[in-house]
Amino acid sequence: MERREFLAAATGLTAATAGCLGRSSGNTAGTETTDYDVGMSTREFKPAEIEVSAGSTVVWRNTSSHAHTVTAYDDSLPDGADYFASGGFENQTAAQQGWFDGAGGALYSGDVYEHTFEVPGEYVYFCIPHEASRMVGTVTVTE
Ligand SMILES: [Cu+2]
Numbered sequence: 058m059e060r061r062e063f064l065a066a067a068t069g070l071t072a073a074t075a076g077c078l079g080r081s082s083g084n085t086a087g088t089e090t091t092d093y094d095v096g097m098s099t100r101e102f103k104p105a106e107i108e109v110s111a112g113s114t115v116v117w118r119n120t121s122s123h124a125h126t127v128t129a130y131d132d133s134l135p136d137g138a139d140y141f142a143s144g145g146f147e148n149q150t151a152a153q154q155g156w157f158d159g160a161g162g163a164l165y166s167g168d169v170y171e172h173t174f175e176v177p178g179e180y181v182y183f184c185i186p187h188e189a190s191r192m193v194g195t196v197t198v199t200e
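Yeah, the sequence shown ends on 200 if you go by this note's numbering, and it's all consecutive.
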């Protein structure tokens, strides 16, 4: 699990590890610049699976020293759901092209990406440079 590594990366952010899973959206006012729901290690999203209620905003933070992306799989999206990817790309093909053209959508150490999930269902996403290492995550959005 590399739990120790994660805890080391989260030093000073213990409130985030304990308190943010499953939190409802709308509580990002002001003081939570170090808060996040999903961190990243060298080759993993941490946690790789997260469950939130519809309307929630999920915050990813690159808690590693490696560049990563958060890139949804087109064919994983529930009907009617908005595509999401760091860099703001409109679909998976554009996101992958953007990455190969010049690291478009890259989240560097400490960078944050967030997306609000309105449509219930299961969303699968990946990191473009580490897809071969199975750096994949799932967001399950409940009613
Ligand atoms: Cu990665």
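Idealized CB from N, CA, C, for every residue including glycine. No experiment lies behind these values; they were computed from the predicted model shown.
Same chain only: Cβ atoms within 6 Å of residue i, ignoring 5 sequence neighbours per side
i      : result
Ala152 : Thr128, Ala142, Phe146, Gly162
Pro135 : Val176, Gly178
Asp131 : Asn148, Gln149
Own chain partners of residue i with C-beta closer than 7 Å, once the 5 adjacent residues on each side are dropped
i      : result
Val115 : Asp94, Val95, Ile107, Val109, Glu171, His172, Phe174, Val196
Gly79  : The predicted position of Gly79 is uncertain, since its pLDDT is 43 and thus under 50; a value taken from the coordinates is nonetheless stated next. Once the five neighbours on either side are set aside, the close Cβ partners of Gly79 are Glu108, Val109.
Cβ neighbour criterion (16 or more within 10 Å) applied to residue i
i      : result
Tyr182 : buried
Ala105 : exposed
Ser113 : buried
For residue j and residue i, the rounded distance between their alpha carbons
i      : j      : result
Val198 : Ser166 : 27 Å
Thr90  : Trp156 : For Thr90, the predicted model reports a pLDDT of 48, less than 50, meaning its position is unreliable and no value from the coordinates is stated.
Met192 : Ile185 : 8 Å
Ala138 : Gln149 : 14 Å
Asp158 : His125 : 15 Å
Ser190 : Val169 : 22 Å
For residue i, the three-state DSSP class (helix, strand or coil)
i      : result
Thr120 : coil
Ala142 : strand
Thr195 : strand
Val127 : coil
Glu175 : coil
Ala189 : helix
Gly159 : helix
8 Å Cβ shell around residue i - same chain, five flanking residues per side excluded
i      : result
Ala86  : With a pLDDT of only 43 at Ala86, under 50, the local geometry of the prediction cannot be trusted, and the value read off the model is given with reservation. The answer is none, since no qualifying residue turns up.
Ser133 : Glu179, Tyr180, Val181, Tyr182
Short Cβ contact (8 Å threshold) for residue i with residue j
i      : j      : result
Ala111 : Glu200 : yes
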